[in-house]
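Below: one structure, written as structure tokens.
2 protein chains.
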Amino acid sequence: MEPKAKLWVEKDGAIVLSGYRVRLLQHIAETGSLAEAARRMGLSYRRAWGKIREIESNLGVRLVESEVGGAGGGSTRLTAVGERVVALYTQFETAAQADIRRHFVELFSEEV
Amino acid sequence: MEPKAKLWVEKDGAIVLSGYRVRLLQHIAETGSLAEAARRMGLSYRRAWGKIREIESNLGVRLVESEVGGAGGGSTRLTAVGERVVALYTQFETAAQADIRRHFVELFSEEV
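So the protein lines, in turn, are chains Y and C. Numbering of the first sequence is given in our numbering, commencing with residue 1 and proceeding in unit increments. Numbering of the second sequence is given in our numbering, commencing with residue 1001 and proceeding in unit increments.
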């Protein structure tokens, strides 16, 4: 048997952060491209952009910034706040999942 | 902002315990009646019974026992193991949710 947990963060009843949303931000950080991040998530560019705007609007902060032009035809990267949100959420998820597993093992280690 | 978490327990890829399943067991414990427990969960008697059998089969233990006849027309109650499963899962859920909240507050208490 193993414990499973799905985590997310709500604000006024709306989902503002989740593993899925943070993964999209992480792909932007890794690729420097919203188009490539969207592709990796199986999303259209338009939908990925809408998701980012939605998270920014819910949190009230800018998470990504874009640079137009240049040899590569522009790029998108995380703002300092965006990087901090990804780091904090990742720490939250890791710490929470570890404790969930610990509690489960402690409680269910004996035969039920 | 507030953290949210959905927890469950899997065995060989199948869900064996969850808040929903444990709630069904709790209603049986409280009412002494599978019919009444099913009604409270908005399930048909047949479906509630099938769910109980499924959990028992996945865990490999008997969780409920029925007594036929008598003035009330029979009753269903939890076995000692069933009571233990409900108690352990409730402790697991409570402890895990408390730690999830604690990690969230520690990490996200400052302005992001």
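In this text, a Cβ means the ideal position worked out from N, Cα and C, and glycines have one as well. Everything numeric in this text was worked out from a predicted model, so none of it was measured.
For residue i: DSSP bridge partner residues
{"i": "Lys51/Y", "result": "Per DSSP, none; premise fails for Lys51/Y."}
{"i": "Arg62/Y", "result": "In the DSSP output, where bridge partners are listed per residue, Arg62/Y has none listed."}
{"i": "Ser18/Y", "result": "Trp8/Y"}
{"i": "Thr1094/C", "result": "Note: Thr1094/C sits in no beta bridge, so no partner."}
{"i": "Arg1077/C", "result": "Glu1065/C"}
{"i": "Glu1002/C", "result": "Glu10/Y"}
Same chain, Cβ closer than 8 Å to residue i, five either side skipped, listed in chain order
{"i": "Tyr113/Y", "result": "Past the edges of chain Y, shown from 1 to 112, lies residue 113/Y, and the structure says nothing about it."}
{"i": "Leu51/Y", "result": "The sequence shown places Lys at residue 51/Y, rather than the Leu named in the question. Excluding positions up to five away in sequence, the list reads Arg21, Leu24 and Leu43."}
Whether residue i touches residue j by CB criterion (7 Å)
{"i": "Val1062/C", "j": "Thr1090/C", "result": "Per the sequence shown, residue 1062/C should be read as Arg rather than Val. Cβ atoms of Arg1062/C and Thr1090/C: not closer than 7 Å."}
{"i": "Val1064/C", "j": "Gly1082/C", "result": "yes"}
{"i": "Leu1088/C", "j": "Leu107/Y", "result": "yes"}
{"i": "Lys6/Y", "j": "Lys1006/C", "result": "yes"}
Residues near residue i in its chain [Cβ-Cβ closer than 7 Å; skip 5 each side]
{"i": "Gln1026/C", "result": "Val1086"}
{"i": "Pro3/Y", "result": "Ile100, Arg101 and Phe104"}
{"i": "Ala48/Y", "result": "Leu24, Leu34, Ala37, Ala38 and Met41"}
{"i": "Gly1074/C", "result": "Ser1066, Glu1067 and Val1068"}
{"i": "Met1/Y", "result": "Phe108"}
Same chain, Cβ closer than 6 Å to residue i, five either side skipped, listed in chain order
{"i": "Thr31/Y", "result": "Ala37"}
{"i": "Met1041/C", "result": "Leu1024"}
{"i": "Val1009/C", "result": "Val1016 and Leu1017"}
{"i": "Ala1029/C", "result": "Leu1078"}
For this session: Mind the definition here: the stretch 94-107 of chain Y touches the stretch 1095-1110 of chain C only if three or more C-beta pairs lie below 8 Å; say whether that holds.
Result: Touching, yes, given that three or more Cβ pairs across the two stretches are closer than 8 Å.
Exercise. On the three-pair Cβ rule with 8 Å, is the stretch 46-63 of chain Y touching the stretch 15-22 of chain Y?
Worked result: Yes, since at least three Cβ pairs between the stretch 46-63 of chain Y and the stretch 15-22 of chain Y fall closer than 8 Å, the two stretches touch.
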